[in-house]
Ligand code: P6P
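Below, the structure is given as structure tokens:
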């Protein structure tokens with residue numbers, strides 16, 4: 027059991043050897059994410075005060091207006107990782123293609139690639155609702171010392187060596203796993219240190235919160251409609267509560283603490299769903315499973331999906347194990 031109030035730095039050092047491939051590289055990646063998270067947190071908290079809110083005028087590959095904080099967060103995480111010469115490649119929601127990182131020494135021996143959504147939920151920024159960073163880490167599959175290829179990024183979620191998120195909310199937290207459970211660290215902004223505040227985070231097997239944008243109800247598949255009617259029926263511990271922040275990291279984080287299910291299904295408006303497999307669904311699925319929860323596309327385990335494109339979208343059901351199972355039952359029977 028991890029005792030509370032340990033700093034993130036102490037935790038990383040103590041657990042470095044627990045990690046099978048431990049050469050310190052993965053620890054240095056987590057440390058870089060820690061540093062970038064503090065820098066982004068500072069700007070997110072100042073967004074209302076300085077001229078950094080509002081669209082940057084550009085559009086990302088998703089065709090979404092880029093908020094200036096999106097651009098800032100993307101640049102911060104990318105530069106922090108590149109400057110420390112610890113990864114061989116980076117993919118981001120904000121970049122059309124992956125970035126090949128040439129190490130400072132000519133024979134780049136770095137073994138890891140990082141995929142990320144640098145600021146998820148960014149449309150909430152100018153209405154002061156919490157947003158988050160999501161990251162996923164893989165070992166490269168192509169020969170060390172050669173430039174990375176798409177093969178290094180298009181890996182099944184089961185191959186992840188680490189995943190996590192930063193939630194910039196009423197407090198800023200870094201929540202991550204390296205395959206040995208999920209731990210949450212809360213930032214003390216006065217001294218810029220993350221402390222272990224939520225050791226061994228677990229989803230309850232059952233829950234009574236469902237998170238979905240019910241405004242899209244008429245566009246949902248019948249199985250989702252049937253599941254929503256089940257959640258709203260007066261029977262046993264139902265009706266459940268509907269809670270939807272519109273920020274995946276925040277909805278996921280609340281559901282992990284209180285129990286619940288998050289659903290972003292396919293619909294006639296979004297035939298492949300909205301969330302991206304590689305840098306949103308896979309990392310959240312890794313966390314969910316490590317916390318005793320479940321993550322599927324309504325039919326199949328998210329982390330078994332064979333990726334075909336960097337920005338591909340999937341339908342996403344994630345949270346308390348029994349709630350996801352029940353939703354899958356409705357999907358299969360519809
Ligand atoms: P909608 C944010 O853009 C996001 O990717 C998730 O963080 C969030 O849960 C979802 O999309 C919100 O989408 O269509 O309900 O506004």
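Residue numbers (the numbering used here): 27 to 360.
Just so it is clear, CB atoms sit at the ideal spot from N, CA and C, and this is done for glycine as well.
Keep in mind it's a predicted model, so treat the numbers as computed, not measured.
Residue i (DSSP reduced to helix, strand or coil)
i           : result
residue 27  : Below a pLDDT of 50, predicted positions are generally treated as unreliable, and residue 27, at 49, falls in that range; no measurement from the model is reported.
residue 396 : Here the chain covers residues 27 to 360 and nothing more, so residue 396 does not appear.
residue 221 : strand
residue 263 : coil
residue 296 : coil
residue 246 : coil
residue 207 : coil
residue 162 : strand
residue 329 : helix
residue 229 : coil
residue 156 : coil
residue 178 : helix
residue 313 : helix
residue 41  : helix
residue 12  : Beyond the ends of the chain as shown, which are 27 and 360, falls residue 12; an answer cannot be given.
residue 57  : helix
residue 235 : strand
residue 270 : coil
residue 190 : strand
residue 201 : strand
residue 32  : coil
Identity of the residue in the options nearest residue i by Cα
i           : options               : result
residue 188 : 256, 101, 161 and 100 : 161
residue 293 : 324, 124 and 213      : 324
residue 243 : 165, 314 and 291      : 291
residue 126 : 154, 277, 179 and 153 : 179
residue 35  : 113, 211, 107 and 207 : 211
residue 33  : 358, 219 and 354      : 219
residue 345 : 228, 245 and 295      : 228
residue 199 : 279, 112 and 98       : 279
residue 358 : 253, 108 and 107      : 253
residue 275 : 147, 54, 65 and 175   : 147
residue 272 : 154, 245 and 347      : 154
residue 348 : 356, 320 and 238      : 320
residue 105 : 63, 70, 72 and 94     : 63
Cβ of residue i within 8 Å of any chain B Cβ
i           : result
residue 142 : Note that chain B does not occur in the displayed structure, where there is just one protein chain.
Handout entry: Segment contact flag, the stretch 217–224 with the stretch 340–348, C-beta cutoff 8 Å, min 3 pairs
Key = no
Exercise for the section: For the stretch 325–334 and the stretch 181–191, state whether three or more C-beta atom pairs, one from each stretch, are separated by less than 8 Å. Expected result: yes
Exercise for the section: Would you check if there are 3 or more beta carbon pairs closer than 8 Å linking the stretch 132–142 to the stretch 168–176? Expected result: yes
Exercise for the section: Would you mind listing the beta strand (DSSP E) stretches within the stretch 89–140 that are 3+ residues and don't spill past its ends, in chain order? Expected result: 91–93 and 115–118
Practice task
Answer yes if the stretch 50–68 comes into contact with the stretch 191–211, meaning at least three C-beta pairs across the two stretches below 8 Å, and no otherwise.
Solution key: yes
Problem - Shell residues, 5 Å Cβ cut-off relative to heavy atoms of ligand 1 - result: 146, 147, 239, 272, 273 and 274
Exercise for the section: Evaluate the contact criterion for the stretch 303–315 versus the stretch 201–213: three or more CB pairs, one atom per stretch, below 8 Å. Expected result: yes
Handout entry: Contact the stretch 262–282 vs the stretch 225–239: 3+ CB pairs below 8 Å
Key = yes
Problem - Stretch-stretch touch, CB-based, cutoff 8 Å, three pairs: the stretch 104–122 with the stretch 295–312 - result: yes
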